[in-house]
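Scroll down for the structure; my scribbles are underneath it.
Number of protein chains: 2
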Amino acid sequence: MLKNVISPKKITGVETFNKKIAPLQERLGVLQRTFREKKIPVIIVVEGWDAAGITRSTKMVIRALDPRGFTLHTIEQPTDNERVRPFMWRFWIRMPPKGRIALFARSWYSRAISAEMQKPSWTKSLKGRIIAINNFERQISDDGALIIKFFLHIEKDEQKRRFEKREKDPLTAWLVSPELWNLHHHYDLSFPIVDNLLEKTDTKYAPWHVLDATDENYAVLNIYTTIIKTLEKTLSDQTSGKIPGSAAPQLPQKNPIKRSAGHLVPEKTCTKEGCQQVLDSLQTEMIRVQSLLFKRKIPLIIVFEGRDAAGKGGNITRIARYLNPRGYDVIPVSAPDATEKSHHYLWRFIKNFPKEGHIAIFDRSWYGRVLVERVENYCTKNEWQRAYGEINDMEADYVYSTGGGIIKFWLEISKDEQLRRFEQRRDDPLKQWKITDEDWRNRENWAQYEKAVDDMLERTNTKPAPWTVIESDDKWSARVKTIETVTSYCQKLLE
Amino acid sequence: MLKNVISPKKITGVETFNKKIAPLQERLGVLQRTFREKKIPVIIVVEGWDAAGITRSTKMVIRALDPRGFTLHTIEQPTDNERVRPFMWRFWIRMPPKGRIALFARSWYSRAISAEMQKPSWTKSLKGRIIAINNFERQISDDGALIIKFFLHIEKDEQKRRFEKREKDPLTAWLVSPELWNLHHHYDLSFPIVDNLLEKTDTKYAPWHVLDATDENYAVLNIYTTIIKTLEKTLSDQTSGKIPGSAAPQLPQKNPIKRSAGHLVPEKTCTKEGCQQVLDSLQTEMIRVQSLLFKRKIPLIIVFEGRDAAGKGGNITRIARYLNPRGYDVIPVSAPDATEKSHHYLWRFIKNFPKEGHIAIFDRSWYGRVLVERVENYCTKNEWQRAYGEINDMEADYVYSTGGGIIKFWLEISKDEQLRRFEQRRDDPLKQWKITDEDWRNRENWAQYEKAVDDMLERTNTKPAPWTVIESDDKWSARVKTIETVTSYCQKLLE
Chain P
1 MLKNVISPKK
11 ITGVETFNKK
21 IAPLQERLGV
31 LQRTFREKKI
41 PVIIVVEGWD
51 AAGITRSTKM
61 VIRALDPRGF
71 TLHTIEQPTD
81 NERVRPFMWR
91 FWIRMPPKGR
101 IALFARSWYS
111 RAISAEMQKP
121 SWTKSLKGRI
131 IAINNFERQI
141 SDDGALIIKF
151 FLHIEKDEQK
161 RRFEKREKDP
171 LTAWLVSPEL
181 WNLHHHYDLS
191 FPIVDNLLEK
201 TDTKYAPWHV
211 LDATDENYAV
221 LNIYTTIIKT
231 LEKTLSDQTS
241 GKIPGSAAPQ
251 LPQKNPIKRS
261 AGHLVPEKTC
271 TKEGCQQVLD
281 SLQTEMIRVQ
291 SLLFKRKIPL
301 IIVFEGRDAA
311 GKGGNITRIA
321 RYLNPRGYDV
331 IPVSAPDATE
341 KSHHYLWRFI
351 KNFPKEGHIA
361 IFDRSWYGRV
371 LVERVENYCT
381 KNEWQRAYGE
391 INDMEADYVY
401 STGGGIIKFW
411 LEISKDEQLR
421 RFEQRRDDPL
431 KQWKITDEDW
441 RNRENWAQYE
451 KAVDDMLERT
461 NTKPAPWTVI
471 ESDDKWSARV
481 KTIETVTSYC
491 QKLLE
Chain V
1001 MLKNVISPKK
1011 ITGVETFNKK
1021 IAPLQERLGV
1031 LQRTFREKKI
1041 PVIIVVEGWD
1051 AAGITRSTKM
1061 VIRALDPRGF
1071 TLHTIEQPTD
1081 NERVRPFMWR
1091 FWIRMPPKGR
1101 IALFARSWYS
1111 RAISAEMQKP
1121 SWTKSLKGRI
1131 IAINNFERQI
1141 SDDGALIIKF
1151 FLHIEKDEQK
1161 RRFEKREKDP
1171 LTAWLVSPEL
1181 WNLHHHYDLS
1191 FPIVDNLLEK
1201 TDTKYAPWHV
1211 LDATDENYAV
1221 LNIYTTIIKT
1231 LEKTLSDQTS
1241 GKIPGSAAPQ
1251 LPQKNPIKRS
1261 AGHLVPEKTC
1271 TKEGCQQVLD
1281 SLQTEMIRVQ
1291 SLLFKRKIPL
1301 IIVFEGRDAA
1311 GKGGNITRIA
1321 RYLNPRGYDV
1331 IPVSAPDATE
1341 KSHHYLWRFI
1351 KNFPKEGHIA
1361 IFDRSWYGRV
1371 LVERVENYCT
1381 KNEWQRAYGE
1391 INDMEADYVY
1401 STGGGIIKFW
1411 LEISKDEQLR
1421 RFEQRRDDPL
1431 KQWKITDEDW
1441 RNRENWAQYE
1451 KAVDDMLERT
1461 NTKPAPWTVI
1471 ESDDKWSARV
1481 KTIETVTSYC
1491 QKLLE
């Protein structure tokens, strides 16, 4: 994509520039407000060669914007908290809420190159990174966000001229480090790699705009007109009914999974006392695997899904008791609040993804999208159908990019057993807090949930993140199976 | 407080322990749920000498708790993001929402000692820290949170025995660093300092429980019974109508401040063109002071308050245009969302306090408590009256602990000028988005706001954080005065 971009004719004098930029700034200001009203989030990415003018260009774009409606993210080395998270984590948490603009001066692209190039098998890992980036941008775009990406291109000679000019000025000399010169000397080597990265990530939902940045004024004007054109096109597409993510989603293939028709008690059962003994004997192994995960910096996610009263709380308490409290978090999931609603539905979960070596236990999870949100019509059919593939992509990316694990439990109980537990809760003053009217209402939709659960298990039972069904009519046997699953999963993960 | 705590009689055997702990755990579990229902946040702090058993004790407390209802915070060295924030920032952001429990294994106490002791004038700075800690705990407590603090006490000989025991076990040997031995050798020197810190922070709202931790079982049982007693006393106090923060607050003294009776145009005025020229000439100075603040790692907060249409947006845009976008954030403040509402009212603002060397511009601020929340009865009279002192304390602590600055602007406009601007907005299709029904409603309460503004300016016009009134009927002259105030304030700050 970088070839034939540079042209000697593209020169804009200062006077022409000043005359041309004023109406563009005004227009962009108006468009920012329109997008705020229409609650469309906008992501503008500015990438390019070193010294191509990324800082100056973003500053010039900002001039036109209401400072209360945008955030500028200057992406440099990750902080220590970012370094211990999945690669895309620091970008996910920076995605703008509805109606805001996020400007990225450098982005996941620069970071992907500099992170992956240090690895011995970088071509392979860069390939994986490209898939993850495309998935990420597609998901954000399908959710209604607009992504505008710029690459500022200058030739090697021009870069050299700019470095030398900066070195002469004492105010900018410190900017030109030996590392930068080193990158400059590898310009020709980097060229095909960058070109390939751009080409592979030049998608319909997030196309690249590669600009000749030899003349800075020309580049800035070009950025302005491109942003304005893209924003206007989005508005006219909307008016004519073209909405992002509205294409019928491709459902992932079904992977059959054995649910417990007829036997809601695990094959191995034990009495309460027997189970407690087994559990206590598993404690040492839990402590051992947790400390190994910690030492090897492997993160682990444990997801609990299941009908009301299926035993999520009891299972989690049991696991937590055996863990070093410094190394895990329990994330209880309920209805999203206003801030969370103004973001992509995965945003609030990814925010809570574990640091390396840590364990995050989700009490309910992103699967709410294809369970309660589907059954209660909180999202469109299109949205929940799209979610299967989005979730599979997200889980796969997490596993591959961190080397971590995901254990997903579906706690299966029978309708009769649920009723028995509901009644017990209702009648026990110490347990009444556990049961709400909503639980009874959910129970009325048993059949609809049944269908949703089947679809969920079959469409998201993937190799990197398989489901484990726990037959939970017998509470104590279920806990044993849960803990055994966790320890044996971790043993494999540690192999 | 540490004297006469140790007693050789306090020994609890394993069997007695097991028999005693079970009912306490059950009771604590029930109390956790009650506090969740009553939406009372609980903060439990465990401090003590090294090797006194802080980790083991917190682990034992956690055993009794529903893991979905508490968070454990292990406080060690600050991360790089925490290091560049005000000292109390990392603790403020960890305060639990209503109904949750936050456990601190070590806390602001350990950090205060280790941070302040490195300074040459540590006795003075530790004194300042104690004031800040007491203010912090009082504010949290007045807001309805319960604070339970433990100090685990062991004697020097016992500490030595424990260090040596740990050194012998290959699994724990790495825990005993040369720094720890160094601290051990300074035990006698530290004793009066720690004792003094405990005494000075042993308050009615957050008393210390100093425990003999020579026998670990005894200490754990003591922690359990103390927590249970405190929780139960809080419930019975509530039933009998004793509510934290219900005492009539002491209002800070009034500091007279000149508001612009009669002249709502600054003394110096200029035409639009003249003003623009002055503004452009101030640009260089703005850039200069920003880069100096950045180099010297001094943070700056700029607060804009003012009636609707007083010109907050225009002023902020103008300042922002002159700043390096990497070094500032604009924080637009509107009604709090559900998560924010479940926290102390200052929480969402302190979260956004600037990093060292950075500038945070607040478009409306914590002063909403004594303006809109007072006028619209969103909080009680007691609460907004308490806020003056709380805000003064918070601002003073920020200034003293970071060496940073706060510039507070009140944009004053006349009732006639507001009407003119409202009508202009209403009639201009490009500006209609700026005006809402709420603005008209607020206008009807003009006189009530007038009273609230007077009180706010007079009671929070403090030496560390004074107000500047900007007469804003003339938009352009107002902008000049704003920017001039910022640059001259920064010049003084940098002296």
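Residue numbers (the numbering used here), protein chains in the order written: chain P, 1 to 495; chain V, 1001 to 1495. Positions of the beta carbon are idealized from the N, C-alpha and C atoms, including for glycine.
Using a Cβ-based criterion (distance less than 6 Å to any ligand heavy atom), does V/PRO1023 qualify as near the ligand MN?
In the structure shown, the ligand MN is absent, as is every other ligand, since no ligand is present at all.
Rounded to the nearest angstrom, what separates V/VAL1370 and V/TRP1092 at their Cα positions?
Numbered from 1 along the second sequence, position 370 holds the residue referred to as residue 1370 of chain V. Numbered from 1 along the second sequence, position 92 holds the residue referred to as residue 1092 of chain V. C-alpha separation (whole angstroms): 21 Å.
Which one of V/THR1485, V/LYS1381 and V/ASN1255 has the shortest CA to CA distance from V/ILE1302?
Within the second sequence, the letter at position 302 stands for residue 1302 of chain V. For the residues V/THR1485, V/LYS1381 and V/ASN1255, the minimum Cα distance to V/ILE1302 belongs to V/THR1485.
Once you ignore the five residues that flank V/GLU1167 on each side, which residues in its own chain have a CB closer than 8 Å to its CB?
Within the second sequence, residue 1167 of chain V is the residue found at index 167, counting from 1. Excluding sequence neighbours, V/GLU1167 sits near ALA1173 and VAL1176.
Given 8 Å as the limit, is there contact between the stretch 1217-1230 of chain V and the stretch 1020-1032 of chain V, that is, 3 or more CB pairs closer than that?
yes
Does the structure place the stretch 1153-1169 of chain V close enough to the stretch 1093-1106 of chain V that three or more beta carbon pairs sit under 8 Å?
no
Are P/ASN81 and V/THR1071 touching if we call contact CB-CB under 7 Å?
The count along the first sequence starts at 1 and reaches residue 81 of chain P at position 81. The count along the second sequence starts at 1 and reaches residue 1071 of chain V at position 71. Cβ atoms of P/ASN81 and V/THR1071: not closer than 7 Å.
Can you give me, in chain order, the residues of the stretch 1010-1032 of chain V that have a beta carbon less than 8 Å from any beta carbon in chain P?
Correct list: VAL1030.
Please list the segments of the alpha helix (DSSP H) lying wholly inside the stretch 7-85 of chain P, counting only runs of 4 or more residues, in order along the chain.
14-37, 54-62 and 80-83
Just the Cα atoms here: how many angstroms apart are P/LEU300 and P/LYS156?
Position 300 of the first sequence, counted from the start, is the residue given in the question as residue 300 of chain P. Position 156 of the first sequence, counted from the start, is the residue given in the question as residue 156 of chain P. If I take the Cα positions, the gap works out to 45 Å.
Determine whether the Cβ of V/LEU1235 lies closer than 7 Å to any Cβ atom of chain A.
The structure shown contains no chain A; the protein chains it does contain are P and V.
If you follow the beta strand (DSSP E) that P/THR225 is part of, which residue opens it and which one closes it?
Taking the first residue of the first sequence as position 1, residue 225 of chain P is located at position 225. Premise fails: P/THR225 lies in the alpha helix (DSSP H), 216-239, not in any beta strand (DSSP E).
Between the alpha carbons of V/ILE1130 and V/LEU1197, how many angstroms are there, rounded?
Position 130 of the second sequence, counting from 1, holds the residue named residue 1130 of chain V. Position 197 of the second sequence, counting from 1, holds the residue named residue 1197 of chain V. Computed Cα separation, rounded: 7 Å.
What residues from chain V crowd round P/VAL486, counting only those whose CB sits closer than 9 Å?
Indexing the first sequence from 1 puts residue 486 of chain P at position 486. By Cβ distance, chain V contributes nothing, its closest Cβ being about 15 Å from P/VAL486, past 9 Å.
Roughly how many angstroms separate the alpha carbons of P/ALA52 and V/PHE1294, rounded to a whole number?
Taking the first sequence and counting its residues from 1, the one referred to as residue 52 of chain P is at position 52. Taking the second sequence and counting its residues from 1, the one referred to as residue 1294 of chain V is at position 294. The straight-line gap from Cα to Cα measures roughly 24 Å.
Proximity test, Cβ basis, 7 Å: P/ILE223 and chain V
As a position in the first sequence, residue 223 of chain P is number 223, starting the count at 1. Judged by the 7 Å Cβ criterion, P/ILE223 is not in contact with chain V.
On a CA-only basis, which of P/ILE298, P/HIS185, P/THR203 and P/ARG111 is nearest P/LEU146? Give me that one, please.
Position 146 of the first sequence holds residue 146 of chain P. Considering only P/ILE298, P/HIS185, P/THR203 and P/ARG111, the residue with the shortest C-alpha distance to P/LEU146 is P/THR203.
Under the three-state reduction of DSSP, which class applies to V/LEU965: helix, strand or coil?
Nothing can be reported for residue 965 of chain V: it is not among the residues displayed for chain V, which extend from 1001 to 1495.
Who are the near neighbours of V/THR1230 in its chain, counting only those whose CB is closer than 6 Å to its CB and skipping five residues on each side?
Working through the second sequence from its first residue, we reach residue 1230 of chain V at position 230. Closer than 6 Å at Cβ, skipping near neighbours: ILE1148.
Is V/LEU1183 helix, strand or coil when you go by DSSP?
Against the second sequence, residue 1183 of chain V aligns to sequence position 183. Three-state DSSP puts V/LEU1183 in a helix.
7 Å is my cut-off, CB to CB: does V/LYS1059 come that close to chain P?
Looking up residue 1059 of chain V in the second sequence gives position 59. Chain P contact via Cβ: present.
Using the beta-carbon of each residue, which ones in chain P are nearer than 8 Å to V/LEU1072?
As a working mapping, residue 1072 of chain V is identified with position 72 in the second sequence. Near V/LEU1072 (Cβ distances below 8 Å), the residues of chain P are PRO325 and ARG326.
Partner residues on chain V for P/ALA320, Cβ-Cβ distance less than 7 Å:
Reading the first sequence from its first residue, position 320 is the one you call residue 320 of chain P. Correct list: PRO1067.
Unbroken beta strand (DSSP E) runs of length 3 or more, entirely within the stretch 127-206 of chain P: which are they?
146-153
Check V/GLU1376 in the structure and name its three-state DSSP category.
Counted from its first residue, the second sequence places residue 1376 of chain V at position 376. V/GLU1376 carries a coil assignment under DSSP once its states are collapsed to helix, strand and coil.
Compile a chain-ordered list of the residues in the stretch 70-97 of chain P whose CB is closer than 7 Å to at least one CB of chain V.
LEU72, THR74, THR79, ASP80 and ASN81
Any Cβ of chain V within less than 7 Å of the Cβ of P/VAL220?
Within the first sequence, numbered from 1, the residue matching residue 220 of chain P stands at position 220. It does not; no Cβ of chain V falls within 7 Å.
Identify the contact partners of P/ALA145 in chain V, using a Cβ-Cβ distance below 7 Å as the criterion.
As a first step, residue 145 of chain P is located in the first sequence; it is residue number 145 there, counting from the start. None at all; the shortest Cβ gap to chain V is about 20 Å.
Contact under 7 Å by Cβ, P/ARG420 with P/ILE435:
Taking the first sequence and counting its residues from 1, the one referred to as residue 420 of chain P is at position 420. Taking the first sequence and counting its residues from 1, the one referred to as residue 435 of chain P is at position 435. No, Cβ-Cβ distance for P/ARG420 and P/ILE435 is not below 7 Å.
Once you ignore the five residues that flank V/ASN1445 on each side, which residues in its own chain have a CB closer than 7 Å to its CB?
Position 445 of the second sequence holds residue 1445 of chain V. Cβ neighbours of V/ASN1445 beyond the five flanking positions: VAL1375.
If you draw a straight line from the alpha carbon of V/VAL1045 to that of P/ARG326, how long is it in whole angstroms?
As a working note, residue 1045 of chain V is residue 45 in the second sequence. As a working note, residue 326 of chain P is residue 326 in the first sequence. Spanning the two alpha carbons is a distance of roughly 15 Å.
For V/TYR1400, which option in V/ILE1140, V/LYS1463, V/ASP1437 and V/ARG1138 has the closest C-alpha, if you only look at C-alpha atoms?
The count along the second sequence starts at 1 and reaches residue 1400 of chain V at position 400. Relative to the Cα of V/TYR1400, the nearest Cα in the group V/ILE1140, V/LYS1463, V/ASP1437 and V/ARG1138 belongs to V/LYS1463.
Quick check: the Cα distance between P/TRP433 and V/ARG1033, rounded to an integer number of angstroms?
Stepping through the first sequence from its first residue, residue 433 of chain P is reached at position 433. Stepping through the second sequence from its first residue, residue 1033 of chain V is reached at position 33. One C-alpha to the other measures close to 8 Å.
Which of the three DSSP states, helix, strand or coil, is assigned to V/TYR1328?
Taking the second sequence and counting its residues from 1, the one referred to as residue 1328 of chain V is at position 328. Strand at V/TYR1328.
Whole-angstrom Cβ separation of P/THR58 and P/ILE133, contact assumed at under 8 Å?
Here the question's residue 58 of chain P lines up with position 58 in the first sequence. Here the question's residue 133 of chain P lines up with position 133 in the first sequence. Contact doesn't hold; Cβ gap of about 20 Å is too wide.
How many whole angstroms separate the CB atoms of P/ARG85 and P/LYS355, which I take to be in contact at a CB cut-off of 8 Å?
Stepping through the first sequence from its first residue, residue 85 of chain P is reached at position 85. Stepping through the first sequence from its first residue, residue 355 of chain P is reached at position 355. About 6 Å separates the two Cβ atoms, so the contact holds.
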